[in-house]
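Heads up: the structure comes next, in structure tokens.
Residue numbers (our numbering): 190 to 362.
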């Protein structure tokens, strides 16, 4: 059963992905905002806004890019604005990121596998090092805690008995 792709129409353009459609919707709102704010009777201000928009790469979808093209053509018609002052519109190439879906999933799977393998190896090293520390440590563990405490108290008791005998010997002298 094939999943039917949803089609979105924004500002005269058709988008097949929800993400691109949402981006286009945002850009359409940005275009409306700019249209309301730009005074075309002041070409210098239009050039400033146009160049700033190009530098910040604000538009990526056809909705925003077509508006940028419209501003670019308007600015080219103004005789005292030099062509070199009008920045070219950057366009993201669709070919650079168009891998088949299966290829992307395989790449993602490989990356996840490699990451998980490294994490597992680090965890194994940590567990082995914890066992090594436990085996080489002098501090008592739960397994031999009672023996070590009894041995320690026996040593203290023997030491106290020896001191007591010395004190008794000194008091008898």
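All C-beta atoms, glycine included, are put in the ideal place defined by N, C-alpha and C. Fair warning: this is a prediction, and the values are worked out from it, not measured in the lab.
Would a C-beta distance cut-off of 8 Å place residue i and residue j closer than the cut-off?
i	j	result
residue 242	residue 212	no
residue 229	residue 263	yes
residue 208	residue 195	no
residue 227	residue 235	yes
residue 275	residue 232	no
Could you give the distance in angstroms between the alpha-carbon of residue i and the alpha-carbon of residue j?
i	j	result
residue 266	residue 260	10 Å
residue 252	residue 216	7 Å
residue 237	residue 315	58 Å
residue 352	residue 320	40 Å
residue 334	residue 325	15 Å
residue 313	residue 302	16 Å
Spatial neighbours of residue i within its chain, please: CB distance less than 6 Å, with the 5 preceding and 5 following residues excluded, ordered by chain position.
i	result
residue 248	216, 254 and 257
residue 299	none
So, for residue i: in the same chain, excluding its five sequence neighbours on each side, which residues have a beta-carbon less than 7 Å away from its beta-carbon?
i	result
residue 199	210, 213, 214, 217 and 252
Apart from the five residues just before and just after residue i, which ones in its own chain have a Cβ nearer than 8 Å to its Cβ?
i	result
residue 246	279
residue 203	196 and 197
Under the three-state reduction of DSSP, which class applies to residue i: helix, strand or coil?
i	result
residue 285	Confidence at residue 285 is low in this model, with a pLDDT of 48, below 50, so the placement of that residue is unreliable and no value is reported for it.
residue 198	strand
residue 203	strand
residue 340	helix
residue 214	helix
residue 357	helix
residue 305	helix
*With a floor of 4 residues, list each alpha helix (DSSP H) that falls wholly inside the region 238 to 283, ordered by position along the chain.*
251 to 266
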